[in-house]
């Protein structure tokens, strides 16, 4: 358990759900007492757009850089970062860890990731800011 395939990553996540892991950096802890619901209502919808086909695009802080136009894809089992974005973050290629499992794209085409990297990803503004360590596959 714990390989680099999507199923192995999911199995490892399920197996460790109850365990507490302390990140090597200080993060803002979000618990059920200070979570605020995010919801959308009819007033938020643009009636001119097709209601269920809009992409959700946000800005986030990644490795202390503001990254605009982050696409949220809730159907993906991997967090993907393009190599150009990785280079712009100024992270050394030595930080990339080898990945042996190829990714399958929407069209069924296989792509070999250049590697994976763990980076802090922050959303929101203090005091309602959450930071998590996220494993990105760099392509």
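Residue numbers (the numbering used here): 54 to 192.
Backbone N, C-alpha and C define an ideal beta-carbon position, used for all residues, glycine too.
Candidates the options: closest to residue i by CA position
i, options, result
"residue 139", "155, 130 and 118", "118"
"residue 169", "147, 120, 111 and 126", "147"
"residue 132", "145, 115 and 183", "115"
"residue 136", "111, 163 and 145", "145"
"residue 152", "159, 164, 174 and 143", "164"
"residue 157", "129, 178, 112 and 143", "129"
"residue 141", "121, 184 and 159", "121"
Buried or exposed (CB count within 10 angstroms, at least 16 for buried), residue i
i, result
"residue 180", "exposed"
"residue 124", "exposed"
"residue 77", "In this prediction, residue 77 has a pLDDT of 40, which is less than 50 and means its spatial position is unreliable; what the coordinates show is noted afterwards. When all chains shown are included, residue 77 counts as exposed."
"residue 27", "An answer regarding residue 27 cannot be provided, because it is not within the stretch 54 to 192 covered by the chain."
"residue 189", "buried"
"residue 74", "Because residue 74 sits at a pLDDT of 42, beneath the cut-off of 50, its placement in the model cannot be relied upon, and the point is left open."
Supposed contact pair residue j and residue i - C-beta distance, whole angstroms, cut 8 Å
i, j, result
"residue 191", "residue 109", "With a Cβ gap of about 22 Å, residue 191 and residue 109 do not count as contacting."
"residue 176", "residue 187", "With a Cβ gap of about 11 Å, residue 176 and residue 187 do not count as contacting."
Paired residues, beta bridge with residue i - DSSP
i, result
"residue 172", "187"
"residue 121", "Its beta-bridge partners do not exist; DSSP assigns none."
"residue 178", "181"
Contact with chain D by residue i, beta-carbon distance below 7 Å
i, result
"residue 174", "Here there is only one protein chain, and chain D is not present."
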